[in-house]
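First residue of the sequence shown? That's 2 in the numbering used here, and the numbers climb one at a time after it. First comes the structure, then the notes that go with it.
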Amino acid sequence: FRARVVLACAQGKADVEVARQLRCHPQTVGSWRKRYLAGGIEALLDEPRPGAPRKISDEKVEQVVVATLESTPPAATQWSTRLMARKMGLNATAVSRIWRAFGLRPHQRDTFVLSKDPQLIEKVRDIVGLYLSPPANAMVLCVDEKSQIQALNRTQPLLPLRPGRAERATPDYERNGTTSLFAALDIATGHVIGRCFAQHTSSDFRDFLDLVDRQLPADPDLQIHLVLDNYSTHKTALIRDWLVKRPRYHLHFTPTHASWLNQVERWFALLTQRQIKRGSHTSVKQLIASIESFMTEHNRDPKPFRWVKSADEILASITRFASSVLQAHSTKN
């Protein structure tokens, strides 16, 4: 706008004519004309503005942060913006800004379980080594089951998404049975082999391994490394006998309570988020069809997950976290 004012004035037009052309007041045109004549192009830029003075001191910010981290309100388990504002003599918006600046979320709570596996270090190094430096002439498959997936159907029709209104659904639903999905993720390609079973027994797992074996190259020199959790189904005599007859298969077990090391869990999370969580299924057959459709669509253009953390970084993070837990216990006691 300011440049257009100057260009119009440069054509010899009067302030009134320029104002009519640009739909502004003649005084505005005159003001920018004078600023340009006095300072040139630089004069058309905004001058630095100091902004409003801070109303909340550093001491008050520190008090909010310390109170959030080291105390709880009367008769409540965590602070809300309103409770903290009342205590500190601030408004809730100011408290919210302070919490955001320091990454504080008193309303949220995450869960954790520390692994007590005596072979934790060895297993982490083994599995992360497969991810970052897989052996030559080998495939690495992350295998697991997502058990007891429920076929849930809402008792009332969904109200669809509309401009300015989110999709709405009744919280009530009817259960129409369950299925269990076994899946194997190729870490190099992102391709997934999967099948749903009525149960998740050792026999079902053996049948799934048969399916995997049929779909993999028959080259006897190709070594197959399976990353698994410690579920008892994976360690029965039936599975051991299956492995003895197929020496190219090698099992690598994740530490206890460390399913996050298994990359197929990330794929299960995508399946849940994109298909199961908001799906409505009147039968197990319909649920299985939805799962298979998701898997087929995924395999049309699979993308591998990129593992970036080294074993040393993971173990250092676990050590820091364990130290925090021990410190919390000692403080409590």
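For glycine and all other residues, C-beta sits at the position ideal for the given N, C-alpha and C. Because the structure is a prediction, the values reported are computed rather than measured.
| field | Buried or exposed (CB count within 10 angstroms, at least 16 for buried), H108 | value | exposed
| With C-beta atoms as the reference, is G195 less than 9 Å away from F183? | Going by C-beta atoms, G195 is nearer than 9 Å to F183.
| said: Alpha carbons only, please: which of L23, A199, I150, A185 is nearest the one belonging to R176? | reply: I150
| request: Output the distance between the C-alpha atoms of R5 and L23, rounded to the nearest integer angstrom. | output: 8 Å
| field | Three-state secondary structure (DSSP) of C25 | value | Of the three classes helix, strand and coil, the one that applies to C25 here is coil, per DSSP.
| From which residue to which residue does the beta strand (DSSP E) around V144 run? | 139 to 155
| query | In three-state terms, what does DSSP make of F306? | reply | coil
| field | Own chain, CB closer than 6 Å to F306, minus 5 neighbours either side, in chain order | value | Q264, R267
| field | Cα-Cα separation between A152 and S294, rounded to whole angstroms | value | 15 Å
| field | Sequence-distant residues of the same chain with beta carbon closer than 8 Å to H192, five excluded per side | value | Excluding residues within five positions, the ones whose Cβ falls inside 8 Å are L186, N300, P303.
| request: Could you give the DSSP three-state label for H226: helix, strand or coil? | output: strand
| query | If we count Cβ pairs, one from each stretch, closer than 8 Å, do we get three or more for the region 124 to 142 versus the region 306 to 319? | reply | yes
| query | What are the boundary residues of the alpha helix (DSSP H) that includes L160? | reply | Counting along the chain, L160 falls outside any alpha helix (DSSP H), and DSSP gives it neither H nor E.
| request: Evaluate F103 with the Cβ neighbour count: other Cβ atoms within 10 Å of its Cβ, from every protein chain shown; 16 or more gives buried, anything less gives exposed. | output: exposed
| said: With a threshold of 6 Å on Cβ separation, who are the neighbours of V144 within its own chain once the five nearest residues in sequence on each side are excluded? | reply: A185, L227, L229
| task | Rank N138, T202, A86 by C-alpha distance to the C-alpha of W100 and give the top, closest one. | result | A86
| task | Within its chain, find whatever has a CB closer than 7 Å to the CB of P288; leave out the 5 residues flanking it on each side and keep chain order. | result | Residue identity check: residue 288 is Leu in the sequence provided, not Pro. In chain order, I150, A152, T180, H282 place their CB closer than 7 Å to the CB of L288, counting only its own chain and leaving out the 5 sequence neighbours on each side.
| field | Cβ-based neighbour list, F269, same chain, cut-off 6 Å, excluding 5 preceding and 5 following | value | K147
| request: Taking 9 Å as the cut-off, decide whether the C-beta atoms of I225 and R241 are in contact. | output: no
| query | How long is the line joining the alpha carbons of T69 and Y37, rounded to whole angstroms? | reply | 53 Å
| task | Quick one: grab the DSSP three-state call for R196. | result | Of the three classes helix, strand and coil, the one that applies to R196 here is strand, per DSSP.
| Opposing strand residues paired with L217 [DSSP bridges] | Beta-bridge pairing links L217 to no other residue.
| field | Length of the line joining the Cα atoms of T82 and R321 | value | 30 Å
| Proximity winner among G41, L45, G40, relative to T29 (alpha-carbon distances) | L45
| task | Assuming L239 contacts R215 (C-beta within less than 8 Å), just tell me the rounded distance between them. | result | At roughly 18 Å, the Cβ-Cβ gap does not stay under 8 Å, so L239 and R215 are not in contact.
| DSSP state of N300 mapped onto helix, strand, coil | helix
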